[in-house]
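Numbered per the numbering used here, the sequence shown spans residues 5 to 296.
Okay, structure first, notes after.
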Amino acid sequence: VNSLGKVTYIGDSLDNRPVVLVYAQKLYTGYLDHVLAVFNRIGYLRVESAVLTSIDPLRVYVYEDEILIRCCIQDYHPLDVTNEKQYVVGDEYTQPWELDSLRYKWKRGKFSRKQMLFTHLTENGKDADKVWLDIKNAIKEVNMSPNLSSGSHIDNAVLYEQVIFNLFGLVGVANKLGHGTRLSAAKEREMQVTDMDIMTSFDACATRECRNSCSQEICELCHPCLTEDQKVTLKLARLEHVNRGGFRRVVPPPMSQSEARVAKSSNDVNGSNRFMWIWFRRMCLRDPTWCH
5 VNSLGKVTYI
15 GDSLDNRPVV
25 LVYAQKLYTG
35 YLDHVLAVFN
45 RIGYLRVESA
55 VLTSIDPLRV
65 YVYEDEILIR
75 CCIQDYHPLD
85 VTNEKQYVVG
95 DEYTQPWELD
105 SLRYKWKRGK
115 FSRKQMLFTH
125 LTENGKDADK
135 VWLDIKNAIK
145 EVNMSPNLSS
155 GSHIDNAVLY
165 EQVIFNLFGL
175 VGVANKLGHG
185 TRLSAAKERE
195 MQVTDMDIMT
205 SFDACATREC
215 RNSCSQEICE
225 LCHPCLTEDQ
235 KVTLKLARLE
245 HVNRGGFRRV
255 VPPPMSQSEA
265 RVAKSSNDVN
275 GSNRFMWIWF
285 RRMCLRDPTW
295 CH
């Protein structure tokens with residue numbers, strides 16, 4: 005590993021083809037040999053922002069509308085192991101729309117980077133949805149620290165501005181009120197999200213069991229059973245969801261409504277994280293837009 009953090013070791017795979025491990029900033033090495041080599045360039049794709057909005061309980065969102073793609077400046081095949089330009093993405097790199105196979109989609113079709121790549125993958129028999137799901141799963145284990153400088157490539161400026169704009173909305177720094185939600189007066193905060201907005205499991209909460217006791221799990225999200233701190237937590241989570249823009253939640257993990265109907269919390273999730281997971285699951289059962 006050199007001083008820039010780029011792995012330049014080359015080994016042999018089981019089928020005797022070269023295996024190249026390349027690292028540049030945040031990288032998903034597992035995808036390189038199979039995905040981005042579709043157009044004979046080793047490269048990497050990067051999700052521009054993963055945001056931790058709460059630690060306890062844990063909530064993480066990822067900006068899903070767009071991705072950053074960088075490719076080596078020379079084709080991967082035929083490989084010359086002495087030529088790092090074939091397998092290391094450095095400060096000098098190729099933008100995806102500079103490749104013949106993607107140029108039309110960007111220049112004339114006005115595809116986003118994400119749609120440009122995923123359409124190309126689909127055209128070549130790849131499962132683009134699985135690639136994206138794998139990326140989101142990987143984000144749960146990766147600390148993202150995006151470099152939002154567009155000095156080298158001005159075409160990236162809009163992407164970075166979109167990330168920042170959506171990020172500010174997600175965390176409540178900017179919204180439709182003209183000032184951040186965290187600076188809002190009490191009446192404004194109440195207008196944006198009320199106790200009624202965070203309620204779930206209405207059928208259960210209307211039963212005699214839940215009206216008389218909070219001991220059963222099905223009752224724990226009923227209003228009389230919530231502490232003031234829990235109400236604040238749920239209201240912040242709701243505001244994040246409403247203001248998320250191009251972000252999508254990755255923690256608590258997204259699910260479909262069919263999955264939510266049968267899902268059970270993992271033994272590895274407890275305390276406030278379990279509480280948060282149950283709330284999102286029940287919101288998902290009410291409204292599919294809450295499932296992810």
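For each residue, glycine too, the CB sits at the ideal point set by N, CA and C.
In this text, all values refer to a predicted model and were calculated from it rather than measured experimentally.
On the DSSP bridge assignment, give the partners of residue i in chain order.
i	result
I75	With the sequence shown as reference, residue 75 is identified as Cys, and Ile is not the correct amino acid for it. Beta-bridge pairing links C75 to G47 and T98.
Could you spell out where the alpha helix (DSSP H) holding residue i opens and where it closes?
i	result
F122	R117 to E127
S217	S217 -> no alpha helix (DSSP H), and no H or E assigned at all.
Y67	No alpha helix (DSSP H) contains Y67, which is instead part of the beta strand (DSSP E) from R63 to Y67.
Q90	Where Q90 is concerned, there is no enclosing alpha helix (DSSP H), given that its DSSP letter is neither H nor E.
Y108	D104 to K111
V236	E232 to V246
Is it true that the CB of residue j sits closer than 8 Å to the CB of residue i?
i	j	result
C229	C218	yes
I71	V51	yes
L106	L49	no
Y302	I77	No answer is possible for residue 302: it lies beyond the span of the chain, which begins at 5 and ends at 296.
F279	Q234	yes
L62	V255	yes
G250	D133	no
D248	L137	Strictly speaking, residue 248 in this sequence is Arg, with Asp absent from that position. Their beta carbons are not under 8 Å apart, which means R248 does not touch L137 by this criterion.
V65	R253	According to the sequence as given, residue 65 is Tyr; it is not Val. Yes; because the gap between Cβ atoms is below 8 Å, this pair is in contact.
H227	W294	no
W281	S269	yes
S260	D60	no
R232	C223	Note that residue 232 is Glu in the sequence shown here, rather than Arg. In this structure, C223 does not lie closer than 8 Å to E232 by Cβ.
S58	L240	yes
N44	D79	yes
L67	V135	Before going further, note that residue 67 is Tyr rather than Leu in the sequence given. No, Cβ-Cβ distance for Y67 and V135 is not below 8 Å.
R242	V273	no
T123	K109	yes
K111	W101	yes
L238	V55	no
G47	V85	no
Which stretch, first to last residue, makes up the beta strand (DSSP E) that contains residue i?
i	result
T211	No beta strand (DSSP E) holds T211; DSSP gives it neither H nor E.
L56	A54 to S58
Which runs of the alpha helix (DSSP H) spanning at least 4 residues fall entirely within the segment 248-284, listed in chain order?
Runs found: 261-266.
For the segment 255-268 and the segment 194-213, state whether three or more C-beta atom pairs, one from each stretch, are separated by less than 8 Å.
no
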